[in-house]
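Its first residue numbered 1, the sequence shown is counted upward by one per residue in UniProt numbering. Glycine included, every Cβ here is placed at the ideal spot set by N, Cα and C.
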Amino acid sequence: MSIPQAKVIVNPVAGANTTYRKWPRISRLLRHIGLSFEYQYTEGVGHAIELARAAASDGCQFLVAVGGDGTVNEVANGILLAKDLSGVSIGIISTGTGGDFIRSAGIPS
């Protein structure tokens, strides 16, 4: 089974502004495991919604949120606003300070 090209949405200010510094290592690890992806930094509140909506509407089937709970929330809402939800999956790389979503969902950290 091959993983489709991913769109990675990175919130550089998540985790008390540490995600920008962590992103180069995260991107190397993603490439190391064989993930083909394009990424884009968010530029403010609500931007991840638009990025995710546009990517899902354009046929991207795998979106990855890199950030905190707010980033995950925005990416999920953007996917829900897309014109076609069939086959869209979301991945989460938690770099925020809270981690409430991954803890509540039972996702290992």
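message: I need the straight-line Cα distance from L80 to S57, nearest angstrom please.
response: 10 Å
query: Mind checking whether L63 and V13 have CB atoms under 9 Å apart?
result: no
- prompt: What is the DSSP secondary structure of A56, reduced to helix, strand or coil?
  reply: helix
field: Beta-bridge partners of L35, as assigned by DSSP
entry: DSSP lists no partner for L35.
message: Just to confirm, is the Cβ distance from residue 112 to A105 under 9 Å?
response: In the structure as shown, the chain starts at 1 and stops at 109, and residue 112 therefore has no counterpart that could be examined.
message: Which of the three DSSP states is assigned to L63 in this structure?
response: strand
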